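Below is one structure, written out as structure tokens, with a few remarks after it.
Residue numbers (full-length UniProt numbering): 1 to 759.
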């Protein structure tokens, strides 16, 4: 037993001192991805999280789905899902958890952290103080765990603030902003005025459950029983369920740091008031058997402090898609601001304006300009309020965090500070390391000096020539205009045959469209246009637009809306081929054409959106002359997703066990081989609630075998569902030949690969 006598002196807490390479404060998705990435690269990491689980707003405590540049597939950002570690997490969640259970995502995040012995995870531990080594350098931070009563002294040469409110950066004295800048500071015409509000509020979610028998609900005394009088409640849709009510928002007129608990209490009042109205007003008999199964205990917080780096991202950087020499990440969520009055206001729950494509995020936004050893990640990066409206979402934050982690690895290896990465060509090395891990940086091409694949002679058992897509899919009504996206090279576009079904004699306009900016996917320039005459019934018609193309990029063969006409689709799905429709996703837009008010610095354009599987078929067609969008040369071009071309090799559709051979003129010492597969970067993998009809992406190759020149099996992988598969050899393999063999999973989907790296 333990027995201690009375002491006149104050007792001290147990103190544990930990020295590491990197201390990360904040275990949301950004902090978690940062910790995993750094640890996988060999750093000793301490991850401090003040909650009992990881994931922040994506965790089961809040239950917001993870999203980023794909924006529910409701914008024109094709193949824009974030790569790298956050992609790995989302694909693992899809594989284990297509139903969208937030508890399963919790286990995935904890598993990926705890399987790395060089991460010291401190849950239920809040950082509360720090000491500086000098005015511009942190020496150590102090944290306290409420569950074991231990005070931690955490010392490291480098620190990352991913805490959301920026507690470490704030206490270190770093420059920060809170609220909206004036419109003239960064020439941001979309900057909100005081009436709209300068801060985004918090949201709280809830779940209900049908018990099969009547359930009584007695509201707590603090419930807002006048909830039906709130303007926002008038648009309440019972089918949305509790966790889709993101607009149950409050706090934009308050201090979202120091009044966070006050905001939470008001949101509780609103949530229990909503449920009281549903159960007891008599207006919703369909919920008589429902019980309130779960209500969030902490709100999802959108905004508080933003800290200043050597560059502040602003509206024109996003809208104009400006290029940066130090770009290490990208975003693509809408510029998404919310009225400060939230649920108590008359205004719509948000004002979302999309850009025509993704935008780059520079490295200079990811470290403090004042504190020399402090990185910034998550929603606190260096951005104006308007730019923050887009960069704040979780997948973007996590993608940035991987860049921060790799920068920390470089800092540790070269004994430099975060800002020194901008010197002596180091930023290019950082970019290459990120892309090597599957991260995507717009317009960056991976070129590694040590990549043996660049020197190999590569051949394949077959390569798919695109002569068309079989006329074997369902009919698609042209209720909305439809287009087939095609990656075309310079030259005359071949004539194409399509199949139609008309309910009466009618006409249909066919157009060839392209984007104004190369690399975007917003069809806006009309290159050619014809009118087709259709008769009653089914018919094949040939489209010959007589256009000579001068640039390699994606073009849209588009058909005007006509409810009297259906067009035949195909069962064939192939990497880099996609059909889109001129309509909108009500989750992120209100019309199929974005028409912002004049003078706010946002462009008008049409939305052309793909359908989600099990829909999402390509249009069926037949070329008069085949094209070659799937060259074997793409395997070594250093780009691992569709951009202006497919950037993929694909086998012939009837090649069920295709092979790729790599030859060298002499024996090579090979340490590792990385293969980059197609996990459909166009598909938004929302992590919770929504669910998905599949647990694996149909384009992704599951079974892989690697053999050397003598036929020796070096590796066999089964049931793969990841984008990047890296085979590391315990000892270097000495050979002048490697053979990769793949198995086709679906007769309608050819095997396809984006790239091979051999080190």
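Note that the Cβ used here is the ideal one computed from N, Cα and C, for glycine as well. None of the values given here were measured: they were computed from a predicted structure.
Can residue 750 and residue 460 be called in contact, C-beta distance under 8 angstroms? Here residue 750 refers to the residue found at position 750 when the chain shown is read from its first residue. Here residue 460 refers to the residue found at position 460 when the chain shown is read from its first residue. Not closer than 8 angstroms, so no.
Any idea what DSSP makes of residue 328, helix, strand or coil? Locating residue 328 in the chain shown gives position 328, counting from the first residue. Here residue 328 sits in strand by DSSP.
For my contact list, residue 588 and residue 610 are in at a C-beta cut-off of 8 angstroms; report their separation, rounded to the angstrom. What you label residue 588 is simply residue 588 of the chain shown in a count that begins at 1. What you label residue 610 is simply residue 610 of the chain shown in a count that begins at 1. Residue 588 to residue 610, Cβ: 14 angstroms. No contact.
From which residue to which residue does the beta strand (DSSP E) around residue 131 run? Taking the first residue of the chain shown as 1, we reach residue 131 at position 131. Residues 125-134.
To the nearest angstrom, how far is it from the Cα of residue 497 to the Cα of residue 322? To locate residue 497, count along the chain shown from 1; it is residue 497. To locate residue 322, count along the chain shown from 1; it is residue 322. Each residue's Cα considered, the two are about 39 angstroms apart.
When you compare only the Cα positions, how much space is there between residue 370 and residue 612? For this step, residue 370 is matched to residue 370 along the chain shown. For this step, residue 612 is matched to residue 612 along the chain shown. Cα to Cα, residue 370 sits roughly 46 angstroms from residue 612.
For residue 550, collect the residues of the same chain with a Cβ closer than 6 angstroms to its Cβ; drop the 5 residues on either side in sequence, then sort them by chain order. Within the chain shown, the letter at position 550 stands for residue 550. Contacts found: 490.
Under 8 angstroms Cβ to Cβ from residue 485, same chain only, skipping five residues before and after it: list those, please. Start at 1 with the first residue of the chain shown, and residue 485 comes out as number 485. Excluding residues within five positions, the ones whose Cβ falls inside 8 angstroms are 78, 521, 554, 555, 556, 577, 578, 579, 580.
Return the Cβ separation of residue 100 and residue 689 in integer angstroms, given the expectation that the two are a contact with Cβ distance under 8 angstroms. Along the chain shown, one-based indexing puts residue 100 at 100. Along the chain shown, one-based indexing puts residue 689 at 689. With 8 angstroms as the limit, residue 100 and residue 689 qualify as a contact, their Cβ atoms being about 5 angstroms apart.
What do you reckon, are the CB atoms on residue 602 and residue 319 nearer than 8 angstroms? Taking the chain shown and counting its residues from 1, one reaches residue 602 at position 602. Taking the chain shown and counting its residues from 1, one reaches residue 319 at position 319. Yes.
Beta-carbon proximity check, residue 300 vs residue 203, cutoff 8 angstroms: Numbered from 1 along the chain shown, position 300 holds the residue referred to as residue 300. Numbered from 1 along the chain shown, position 203 holds the residue referred to as residue 203. In this structure, residue 203 lies closer than 8 angstroms to residue 300 by Cβ.
Rounded separation between residue 407 and residue 418 - CA only: Here residue 407 corresponds to residue number 407 of the chain shown, with the count starting at 1. Here residue 418 corresponds to residue number 418 of the chain shown, with the count starting at 1. Rounded to whole angstroms, residue 407 to residue 418 spans 7 angstroms at the Cα level.
Using 8 angstroms for Cβ pairs, my map puts residue 384 next to residue 312. What's the rounded Cβ distance? Walking along the chain shown from the start, residue 384 turns up at place 384. Walking along the chain shown from the start, residue 312 turns up at place 312. Going by Cβ atoms, the distance from residue 384 to residue 312 rounds to 6 angstroms, so yes, they are a contact pair.
Beta strand (DSSP E) containing residue 33: first to last residue? Within the chain shown, numbered from 1, the residue matching residue 33 stands at position 33. Residue 33 -> not in any beta strand (DSSP E); alpha helix (DSSP H) instead, spanning 29-40.
Mind checking residue 466: buried by the 16 CB within 10 Å criterion, or exposed? In the chain shown, residue 466 corresponds to position 466, counting from 1. Classification for residue 466: buried.
CA-to-CA distance, residue 670 to residue 759, given in whole angstroms: Along the chain shown, read from residue 1 onward, the residue named residue 759 stands at position 759. Along the chain shown, read from residue 1 onward, the residue named residue 670 stands at position 670. If you take the alpha carbons of residue 759 and residue 670, they lie about 6 angstroms apart.
Could you compute how far the alpha carbon of residue 195 sits from the alpha carbon of residue 274? Stepping through the chain shown from its first residue, residue 195 is reached at position 195. Stepping through the chain shown from its first residue, residue 274 is reached at position 274. Each residue's alpha carbon lies about 26 angstroms from the other.
Does the Cβ-Cβ distance between residue 561 and residue 500 come in under 8 angstroms? Taking the first residue of the chain shown as position 1, residue 561 is located at position 561. Taking the first residue of the chain shown as position 1, residue 500 is located at position 500. No. Outside cutoff.
Below 8 angstroms between beta carbons: does that hold for residue 754 and residue 658? Numbered from 1 along the chain shown, position 754 holds the residue referred to as residue 754. Numbered from 1 along the chain shown, position 658 holds the residue referred to as residue 658. In this structure, residue 658 does not lie closer than 8 angstroms to residue 754 by Cβ.
CA-CA distance, residue 66 and residue 302? Numbered from its first residue, the chain shown carries residue 66 at position 66. Numbered from its first residue, the chain shown carries residue 302 at position 302. Their Cα atoms are separated by approximately 13 angstroms.
DSSP on residue 222, reduced to helix/strand/coil? What you label residue 222 is simply residue 222 of the chain shown in a count that begins at 1. The answer is coil: DSSP assigns residue 222 none of H, G, I, E or B.
In this structure, does DSSP put residue 496 in helix, strand or coil? Looking up residue 496 in the chain shown gives position 496. Looking at residue 496 - three-state DSSP - the assignment turns out to be strand.
Report yes or no: do the segment 7-25 and the segment 39-56 share at least 3 C-beta pairs separated by less than 8 angstroms? yes
Would you please state the rounded distance, in angstroms, between the beta carbons of residue 169 and residue 307? I believe it to be under 8 angstroms. For the purposes of this step, residue 169 is identified with residue 169 of the chain shown, where counting begins at 1. For the purposes of this step, residue 307 is identified with residue 307 of the chain shown, where counting begins at 1. Yes, they are in contact, since the Cβ atoms of residue 169 and residue 307 sit about 5 angstroms apart, within 8 angstroms.
Check whether the segment 521-531 and the segment 451-458 are in contact - that is, three or more C-beta pairs closer than 8 angstroms. no
By how many angstroms is the C-alpha of residue 95 removed from the C-alpha of residue 446? Working through the chain shown from its first residue, we reach residue 446 at position 446. Working through the chain shown from its first residue, we reach residue 95 at position 95. Cα-Cα distance, rounded: 29 angstroms.
Mind listing, in chain order, the continuous beta strand (DSSP E) runs of no fewer than 3 residues lying wholly within the segment 649-694? 659-677
Below 8 angstroms, how does it come out for the segment 157-169 and the segment 24-32: are there three or more Cβ pairs, yes or no? yes
Since residue 647 contacts residue 357 with CB under 8 angstroms, what's their CB separation in whole angstroms? Within the chain shown, the letter at position 647 stands for residue 647. Within the chain shown, the letter at position 357 stands for residue 357. Incorrect: roughly 16 angstroms between the Cβ atoms, too far for contact.
Cutoff 8 angstroms: residue 66 Cβ touching any chain B Cβ: In summary, chain B is missing from the structure at hand, where a single protein chain is found.
Distance, Cα to Cα, residue 283 vs residue 344? Numbered from its first residue, the chain shown carries residue 283 at position 283. Numbered from its first residue, the chain shown carries residue 344 at position 344. C-alpha separation (whole angstroms): 22 angstroms.
Identify the continuous alpha helix (DSSP H) that holds residue 530 and give its terminal residues. Residue mapping note: residue 530 aligns to position 530 of the chain shown, counting from 1. Not the alpha helix (DSSP H): residue 530 falls in the beta strand (DSSP E), residues 525-534.
Rounded to whole angstroms, what is the Cα-Cα separation between residue 631 and residue 289? Reading the chain shown from its first residue, position 631 is the one you call residue 631. Reading the chain shown from its first residue, position 289 is the one you call residue 289. Going by the C-alpha atoms only, they are around 59 angstroms apart.
Here's the rule I'm using: 16 or more other beta-carbon atoms within 10 Å means buried, otherwise exposed. How should residue 586 be labelled? Position 586 of the chain shown, counted from the first residue, corresponds to residue 586. The residue in question, residue 586, is exposed, as its Cβ has fewer than 16 Cβ neighbours within 10 Å.
Considering just the uninterrupted stretch of the beta strand (DSSP E) at residue 23, what are its terminal residues? On the chain shown, position 23 is the one that residue 23 refers to. Unbroken beta strand (DSSP E) run through residue 23: 22-25.
Classify residue 188: buried if its beta carbon has 16 or more other beta carbons within 10 angstroms, exposed otherwise. Position 188 of the chain shown, counted from the start, is the residue given in the question as residue 188. With 16 or more Cβ atoms within 10 Å of its Cβ, residue 188 is classed as buried.
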